[in-house]
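**Student:** Under mature numbering (1 follows the signal peptide of the UniProt record, and there is no 0), read the sequence shown as residues -23 to -1, 1 to 152, first letter to last.
A virtual CB, placed ideally from N, CA and C, is assigned to each residue, including glycine.
The structure presented is a predicted model; accordingly, all values stated were derived computationally and were not measured.
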Amino acid sequence: MRFKSLLASLAVVASATAAFATAADPAYANTAAGYISGAGVVTDDLNDEGTLSTSVNNFNGAVWLWQSILIADGFLSTSGRDCQFGAGTKAATKLWQAAHGLTGSDADGVVGPKTFTAAGKNWKLYSYDEDDQIYTARYYGSKSSFPAERMLNGRYQMAAYAMYLSYTGYNVDYC
């Protein structure tokens, strides 16, 4: 009888552990989530983001983040950061992709999973505020760096603007 009770307890613990592991999986972060977001370790938060291009998700806070990456790596001037994924951002993205080892259809000027993953190599944990449970990540480009905060809800915001990095265009007051 004790053995059956032990097996039942282990089954409950195993299913609870599996549920927790699934809930903490950062793979939910994409355009369906509505925001640049993450969970768990900060360094892989960009690996599963949605697509940005001249025709998809082309005016929003996520584009602002991508343009900030292009600026930090010297492929876009600060005057080019306007939250709009236009021809200039596309051209700069193609150059960035080539410089970061992406080739063929992965260097097409569209920011997709492989481009975000390549950028994620320079996305590092900068600090953690234990009281507010806010992670500050920093993108370290070849020319400059910039911070972004991952809030308790997993959504990222640009610290200087206190605005979430959304895939929708309604909260782009900082552009």
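Let me make sure I understand the geometry here. Which of T94, D85 and A137 has the alpha-carbon closest to that of N24?
**Tutor:** Minimum Cα distance to N24 is reached at T94.
**Student:** Which residue marks the beginning of the beta strand (DSSP E) containing A68, and which one marks its end?
**Tutor:** Segment A64 to A76 is the alpha helix (DSSP H) holding A68; no beta strand (DSSP E) there.
**Student:** When the Cα atoms are used, what is the spatial distance from G11 to S45?
**Tutor:** Straight-line Cα distance between these residues: approximately 19 Å.
**Student:** Does DSSP put T92 in a helix, in a strand, or in coil?
**Tutor:** It is helical.
**Student:** Just the Cα atoms here: how many angstroms apart are A77 and A137?
**Tutor:** For the sequence presented, residue 77 should be read as His rather than Ala. Straight-line Cα distance between these residues: approximately 28 Å.
**Student:** Would D106 be called buried (16 or more neighbouring beta carbons within 10 Å of its own) or exposed?
**Tutor:** D106 comes out exposed.
**Student:** Which full runs of the alpha helix (DSSP H) of 4+ residues lie inside the region 1 to 65, going along the chain?
**Tutor:** DSSP runs (the alpha helix (DSSP H)) wholly in the region 1 to 65: 38 to 49.
**Student:** If I measure Cβ to Cβ from residue 153 and keep anything under 6 Å in the same chain, skipping five residues before and after, which residues do I get?
**Tutor:** The chain is shown from -23 up to 152; residue 153 falls before or after that span and cannot be answered.
**Student:** In chain order, what residues of the same chain have a beta carbon less than 7 Å from the beta carbon of Y103, not counting five sequence neighbours either side?
**Tutor:** If we look at Y103 and ignore the five residues flanking it on each side, its Cβ neighbours are T113, A114, R115 and P124.
**Student:** Excluding sequence positions up to five away, which residues of its chain have a Cβ less than 7 Å from the Cβ of W43?
**Tutor:** If we look at W43 and ignore the five residues flanking it on each side, its Cβ neighbours are L29 and V88.
**Student:** In whole angstroms, what separates the C-alpha of Y117 from that of V19?
**Tutor:** C-alpha separation (whole angstroms): 14 Å.
**Student:** Which whole-angstrom value is the C-beta distance of G86 and K67, which I expect to be below 8 Å?
**Tutor:** Confirmed, about 4 Å.
**Student:** Taking the C-alpha atoms as reference points, what is the distance between L129 and L142?
**Tutor:** The alpha-carbon atoms of L129 and L142 are separated by roughly 14 Å.
**Student:** For A49 versus I13, is the C-beta distance shorter than 8 Å?
**Tutor:** No, Cβ-Cβ distance for A49 and I13 is not below 8 Å.
**Student:** Taking all protein chains shown into account, do 16 or more other C-beta atoms lie within 10 angstroms of the C-beta of Q110, making it buried, or fewer, making it exposed?
**Tutor:** Counting Cβ neighbours within 10 Å, Q110 comes out exposed, since fewer than 16 surround it.
**Student:** Identify every residue that forms a DSSP beta bridge with T145.
**Tutor:** DSSP lists no partner for T145.
**Student:** Give me the Cα-Cα distance between N34 and C60, rounded to the nearest whole angstrom.
**Tutor:** In a straight line, the C-alpha of N34 is about 10 Å away from that of C60.
**Student:** Taking 7 Å as the limit between beta carbons, can you name the residues of its chain near Q74, skipping five residues before and five after?
**Tutor:** Cβ neighbours of Q74 beyond the five flanking positions: D83, A84 and T92.
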